[in-house]
Amino acid sequence: DVKVTQSSRYLVKRTGEKVFLECVQDMDHENMFWYRQDPGLGLRLIYFSYDVKMKEKGDIPEGYSVSREKKERFSLILESASTNQTSMYLCASSSGLAGGDTQYFGPGTRLTVL
Amino acid sequence: GESVGLHLPTLSVQEGDNSIINCAYSNSASDYFIWYKQESGKGPQFIIDIRSNMDKRQGQRVTVLLNKTVKHLSLQIAATQPGDSAVYFCAGGELSGYSTLTFGKGTMLLVSP
């Protein structure tokens, strides 16, 4: 079974802090994704990566950056956390083409920015 | 761009009933669709997928129907159980392209004993 793990289930940070969210997958997938999920808005793509050291902006990249130094690990960075970044963050991975294969999700990190 | 949406935000059924959750998509180039289940506090879980060369695909207690003419797909859950209570959402993508999946906003399925 595909396993996608995220470093924290719950995280509380203060405005202005730098926040790192880590995601690791164990299926040698090429593609990895970061989403945020908010009530009424569904899943919104922040960034994705289709290879090591490659990254592509999603629909809402502002205020975020990512890092993919190893194939199995994809990090989401909030350079200076703000209260409007309070959300559920979901990481996913897939093989093949980014739009043509099932994405497998981690359990999510619920981030609260005070 | 593509939009993938759901007709009903909440569906309430009795245990044992069959449930039908609907999804519409707008991008005629979409040829790959997935249904996910998300329980409270958890990440989305893959249920079933279907490619556009099929009209129907069955899994264990679930069936996905695809109508390409009207750009509509549905998820049918047979003999719904309380453990099926969750948010269900569809996603659409293109097998031949590098565009990412587009997700619907979800339908909450509530199953009463």
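Going line by line, the protein sequences match chains Y and C. For the first sequence, my numbering begins at 1 and goes up steadily by one. For the second sequence, my numbering begins at 1001 and goes up steadily by one. We put the beta carbon where it would ideally sit given N, CA and C, even for glycine.
#1: Going along chain Y in order, which residues have a C-beta closer than 8 Å to the C-beta of Gly-1106 of chain C?
#2: Measuring only the C-alpha atoms, how far is Gly-106 of chain Y from Arg-73 of chain Y?
#3: Going by alpha carbons, who is nearest to Val-12 of chain Y out of Y:Ala-81, Y:Tyr-50, Y:Thr-102?
#4: What span of residues does the beta strand (DSSP E) with Asp-1049 of chain C cover, start to end?
#5: Would you list, in chain order, the members of the stretch 1019-1044 of chain C that have their beta-carbon closer than 9 Å to a beta-carbon of chain Y?
#6: Taking Ala-92 of chain Y as the reference, give the member of Y:Gly-40, Y:Glu-17, Y:Phe-20, Y:Tyr-50 with the closest Cα.
#7: If we count Cβ pairs, one from each stretch, closer than 8 Å, do we get three or more for the stretch 1022-1030 of chain C versus the stretch 1084-1104 of chain C?
#8: If we ignore side chains and look at the alpha-carbon of each, how far apart do Pro-1082 of chain C and Val-52 of chain Y end up?
#9: If you drop the 5 nearest sequence neighbours on each side, which residues of the same chain put their C-beta closer than 6 Å to that of Val-66 of chain Y?
#10: Might you give, ordered along the chain, the residues of its own chain that have their beta carbon closer than 7 Å to the beta carbon of Arg-1061 of chain C, omitting 5 neighbours on each side?
In short, the structure shows the following:
#1: Gly-42
#2: 12 Å
#3: Y:Ala-81
#4: Here the beta strand (DSSP E) through Asp-1049 of chain C covers 1045-1051.
#5: Ser-1030, Asp-1031, Tyr-1032, Ile-1034, Tyr-1036, Gln-1038, Gly-1041, Lys-1042, Gly-1043, Pro-1044
#6: Y:Tyr-50
#7: yes
#8: 42 Å
#9: Tyr-47, Lys-55, Leu-76
#10: Short of 7 Å from the beta carbon of Arg-1061 of chain C, and not among the five residues preceding or following it, lie these beta carbons of its own chain, in chain order: Ile-1077, Ala-1078, Ala-1079.
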